[in-house]
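Residue numbers for the sequence shown follow my numbering, so the first one is 452 and each next one is one higher. Shown next, in structure tokens, is the structure this report addresses.
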Amino acid sequence: PGFGQLGTARLDAWAEHWLSRYPNALTIGELGVEPTDEEFEAHDVGVFLRRLVFAGVPFSDALRRKLIGTPRPYEHNPDELDVRGFVSDVSWLGGDGASKLVPLLVSMAKEQTDERCALGLRLVVATAVRRWEGDAKIPEEVDELLSLGDPVDYDSEVAMQEAIGALPVGRAERVIFRTASQLDDPYKELTYAREGMSAVALRRFARLVAGGRENEDMWSHLGSGSLEVLGPEFGPVLSEALSGETLSESFMERIADAIHEDAFAELEQTVGKNTLDLKAELDGLVKEFGSGTVVYALSAGSPGKGLGRVGGLPAGFTGEDIPRHRGRKMVHAFTVDLRSAPELAARYPDARTLSVWIQGYSEDPERAQKLIPRTDAEVAEVTAEGGTELELLRLEVPAVVFDRDPPGRAAYGRQLLYTKPGFLLGGPIWLQTGPTGLDPEFIAQYDERLAPGANFGDAGICYSFAERCEWQCH
Numbered sequence: 452p453g454f455g456q457l458g459t460a461r462l463d464a465w466a467e468h469w470l471s472r473y474p475n476a477l478t479i480g481e482l483g484v485e486p487t488d489e490e491f492e493a494h495d496v497g498v499f500l501r502r503l504v505f506a507g508v509p510f511s512d513a514l515r516r517k518l519i520g521t522p523r524p525y526e527h528n529p530d531e532l533d534v535r536g537f538v539s540d541v542s543w544l545g546g547d548g549a550s551k552l553v554p555l556l557v558s559m560a561k562e563q564t565d566e567r568c569a570l571g572l573r574l575v576v577a578t579a580v581r582r583w584e585g586d587a588k589i590p591e592e593v594d595e596l597l598s599l600g601d602p603v604d605y606d607s608e609v610a611m612q613e614a615i616g617a618l619p620v621g622r623a624e625r626v627i628f629r630t631a632s633q634l635d636d637p638y639k640e641l642t643y644a645r646e647g648m649s650a651v652a653l654r655r656f657a658r659l660v661a662g663g664r665e666n667e668d669m670w671s672h673l674g675s676g677s678l679e680v681l682g683p684e685f686g687p688v689l690s691e692a693l694s695g696e697t698l699s700e701s702f703m704e705r706i707a708d709a710i711h712e713d714a715f716a717e718l719e720q721t722v723g724k725n726t727l728d729l730k731a732e733l734d735g736l737v738k739e740f741g742s743g744t745v746v747y748a749l750s751a752g753s754p755g756k757g758l759g760r761v762g763g764l765p766a767g768f769t770g771e772d773i774p775r776h777r778g779r780k781m782v783h784a785f786t787v788d789l790r791s792a793p794e795l796a797a798r799y800p801d802a803r804t805l806s807v808w809i810q811g812y813s814e815d816p817e818r819a820q821k822l823i824p825r826t827d828a829e830v831a832e833v834t835a836e837g838g839t840e841l842e843l844l845r846l847e848v849p850a851v852v853f854d855r856d857p858p859g860r861a862a863y864g865r866q867l868l869y870t871k872p873g874f875l876l877g878g879p880i881w882l883q884t885g886p887t888g889l890d891p892e893f894i895a896q897y898d899e900r901l902a903p904g905a906n907f908g909d910a911g912i913c914y915s916f917a918e919r920c921e922w923q924c925h
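Right, here's the structure in full:
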């Protein structure tokens, strides 16, 4: 408000004074390793004046254009423009400044002939639109400047999602339909789901889900309730897209967590009868490839009172027994009743249960773990508290599913096992890379569904071995 009282002419003169004192204020870009005092000052002046523009200070349009500018070259690579840095300078833009600047930013982006400069300005438009406030209509000329394929990093991707989300739903759909083909990962389109979408959009999303149901790239974009906004109406169109397909149990489990409960009820009623019999399918693969090895698929069940547990405090443990790492309590992932898994029990003579405790959060690829067996006598002393039952399904799988590149339908068997919340024995199926094949030291792999309270990052997986624990994420 104080700046506004000075008037545009005085503000322009004041800004031009500083620009004449520091001629490189708007061109300096990123500071070098050992910038001079003058470079520091010039950089700060440029940043300050740009931020005044984005805060809504009423400079003239000509000066606003000059101060906003375009992406500047990297100091270490003058032939490349720093689009990311240019956009991050305005990532906080919002409020009145955003709505007043949008028409000017749109004009600048449309006039720009250099594609990288135009990209930077289009992303700044998205940053301004994402923070649109009030009841004023977002100008329709904005729509042609928004594209799902433009973001250059996570922050600009979020800005684009929120900008498209700020448009009326019909306009948002047209942007999505027009630019989805520019995505490197087609399943990212699912992250643009919103309430009130048309039947055409629902069918697009249904086809994506149906086509990607065995692709982990798709599931990395579908968190809990992520498609719930599509409402019950998504059920019939998803059922139509999956008509005639044989569905895995893991697909039904995972999609139930992502869509509206009424949509899932419709799906279950119409195509749920086509659910795959996992054991029968893998038995068929063993006949085809031979060399079967025993694994146990893991999943969380009902609260129950069995010794196999997910989360909570397992039988045989008091609060004082919880192991610690660097002074912090570890997380109880799950406990196996070894009578249900004799192949694992052979490694722990005289034990009744094996509890897997892990470090809840780690930035290192390895995290602390404790594998703690308990005898019948120890289990009888203290009953379990909280958590749910751990359900085990004994399976035979071809050993080749644990190879780096399983042949033919063995790759399909690998995917069936990989999509379960976890499994015991066999060998690791790495989310990224690692040693492959059967591993006698391997205990289990599991995601956060079998480790309540742990953080495995973006759709991450934890791998427990006899003497170590690793984790990977997207």
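Think of the CB as a built atom: it goes at the ideal place given N, C-alpha and C, for glycine as much as any other residue.
The ligand ZN heavy atom lying under 7 angstroms from the CB of L532: Among the components of this structure there are no ligands whatsoever, and the ligand ZN is therefore not found.
Distance, K551 Cα to A905 Cα: 45 angstroms
Check whether V761 and T834 have beta carbons under 8 angstroms apart: no
Range of the contiguous alpha helix (DSSP H) that encloses T630: V620 to T630
Boundaries (first-last residue) of the beta strand (DSSP E) holding I809: T804 to I809
For D788: DSSP bridge partner residues: T804
Contacts around G682, its chain only, beta-carbon distance under 6 angstroms, and the 5 residues preceding and following it disregarded: H711
Beta-carbon contacts of Y914 that lie in its chain and below 6 angstroms, excluding the five residues immediately before and after: P879, Q896 and E921
Span separating the alpha-carbon of K588 from that of L618: K588 and L618: Cα-Cα distance of roughly 9 angstroms.
Delimiting residues of the beta strand (DSSP E) encompassing V446: The displayed coordinates of the chain run from 452 to 925. Any statement about residue 446 would go beyond what the structure contains.
Whole-angstrom C-beta distance between L901 and G873, which should lie under 8 angstroms: About 5 angstroms separates the two Cβ atoms, so the contact holds.
Nonlocal neighbours in the same chain, by C-beta distance under 6 angstroms from P851, ignoring five residues either side: One detail in the question is off: residue 851 reads as Val in this sequence, not Pro. Same-chain partners within the cutoff: F740, P857 and A861.
G877, buried or exposed, once every other Cβ within 10 Å from all chains shown has been counted against 16: buried
Start-to-end residues for the alpha helix (DSSP H) that takes in F907: Unbroken run through F907: none, as it is neither H nor E.
Straight-line gap, G621 to M648 (C-alpha atoms, nearest Å): 8 angstroms
Candidates D801, P602, Y747 and G885, of which the one nearest Q633 by Cα: Comparing alpha-carbon positions, the option among D801, P602, Y747 and G885 lying closest to Q633 turns out to be P602.
Distance between beta carbons of R523 and D530, contact taken as under 8 angstroms: Contact doesn't hold; Cβ gap of about 12 angstroms is too wide.
The segment 652-660 contacting the segment 683-697, beta-carbon criterion three pairs below 8 angstroms: yes
Cβ distance (whole Å) where L596 is taken to contact A560 below 8 angstroms: Going by Cβ atoms, the distance from L596 to A560 rounds to 5 angstroms, so yes, they are a contact pair.
DSSP state of D706 mapped onto helix, strand, coil: Note on residue identity: the sequence assigns Ile, not Asp, to residue 706. Looking at I706 - three-state DSSP - the assignment turns out to be helix.
Whole-Å CB distance - L764 paired with G837, under 8 angstroms assumed: 6 angstroms
Sheet register partners of P524 (DSSP bridge): L532
Inside the segment 807-833 only - alpha helix (DSSP H) runs reaching at least 4 residues: 827-832
Residue from I706, H494 and S675 with nearest C-alpha to A657: Looking at the Cα atoms, I706 is the closest of the given residues.
Segment limits, beta strand (DSSP E) that includes A750: According to the sequence displayed, residue 750 carries Ser and not Ala. Per DSSP, S750 belongs to the beta strand (DSSP E) from G743 to A751.
Residue(s) in a DSSP beta bridge with Q563: In the DSSP output, where bridge partners are listed per residue, Q563 has none listed.
Uninterrupted alpha helix (DSSP H) stretches inside the segment 857-900 (no shorter than 4 residues): 860-869
Reference Y638; option with closest CA among M781, S677, S813 and T826: S677
Helix, strand or coil at F916 according to DSSP, with G and I counted as helix: strand
Beta carbon of V504 nearer than 8 angstroms to that of I519: Annotated as proximal: V504 and I519, with beta-carbon spacing under 8 angstroms.
Where the alpha helix (DSSP H) containing F715 begins and where it ends: E712 to V722
L789 versus V807 - alpha carbon distance: Each residue's alpha carbon lies about 13 angstroms from the other.
Integer-rounded CB distance, given that T870 should sit under 8 angstroms from S701: That belief holds up - the Cβ atoms of S701 and T870 are roughly 4 angstroms apart, short of 8 angstroms.
Test item: CB-CB of T887 and F853 under 8 angstroms: Going by C-beta atoms, T887 is nearer than 8 angstroms to F853.
Continuous alpha helix (DSSP H) stretch holding G686: start and end: F685 to A692 is the extent of the alpha helix (DSSP H) around G686.
Alpha-carbon spacing of A819 relative to R573, whole angstroms: Using only the alpha carbons, I get a separation of about 45 angstroms.
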